[in-house]
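Everything on this sheet refers to the single structure shown next.
Residue numbers (our numbering): 1 to 136.
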């Protein structure tokens with residue numbers, strides 16, 4: 001939770017439109033430097049001066065229905081503090097495409113129509129019991 005002075009200072013820094021956007025989606029106001037944008041349009045920010053430790057990096061998702069699986073692996077490592085350098089600067093990530101990675105990043109489809117559903121071809125050992133009431 002932020003103080004009133006911090007909220008007003010961030011309102012002046014980011015502007016009224018971004019202030020409303022942040023309050024609607026993040027629930028707090030944050031002002032920082034834009035570190036980079038991934039190929040999906042997500043924006044990554046950092047503020048080392050005013051934010052609490054481990055809250056200095058955040059992402060502004062492009063889509064309104066966002067999920068943590070919408071972050072690419074390189075940006076996920078940066079935003080979760082596994083690496084210090086963002087993927088735009090990191091030499092290992094910029095070296096090229098790895099053979100084990102998929103060419104296109106896919107979001108996690110859990111709890112959607114595209115989720116994985118098991119299918120079994122074996123007959124069940126037990127059948128469901130349907131109670132039969134005797135006539136009175």
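Think of the CB as a built atom: it goes at the ideal place given N, C-alpha and C, for glycine as much as any other residue.
Predicted model, so just to flag it, every value in this text is computed and none were measured.
Three-way DSSP call (helix, strand, coil) for residue i in this model
i: residue 25; result: helix
i: residue 68; result: helix
i: residue 119; result: coil
i: residue 108; result: coil
i: residue 75; result: helix
i: residue 130; result: coil
i: residue 89; result: coil
i: residue 3; result: coil
i: residue 17; result: helix
i: residue 54; result: coil
i: residue 102; result: coil
i: residue 136; result: coil
i: residue 113; result: coil
Identity of the residues DSSP links to residue i by a beta bridge
i: residue 43; result: 37, 60
Which listed residue (the options) has its alpha carbon closest to that of residue i
i: residue 9; options: 131, 44, 50; result: 50
i: residue 137; options: 69, 127, 126; result: Limits of the chain in this structure are 1 at one end and 136 at the other, which puts residue 137 out of reach.
i: residue 102; options: 86, 73, 14; result: 73
i: residue 38; options: 121, 30, 88, 125; result: 88
i: residue 90; options: 18, 35, 30, 6; result: 35
i: residue 55; options: 83, 45, 94; result: 45
i: residue 57; options: 64, 4, 86; result: 86
i: residue 106; options: 17, 71, 6; result: 71
Assigned exposure category for residue i - 16 Cβ within 10 Å defines buried
i: residue 130; result: exposed
i: residue 132; result: exposed
i: residue 59; result: buried
i: residue 27; result: exposed
i: residue 122; result: exposed
i: residue 108; result: exposed
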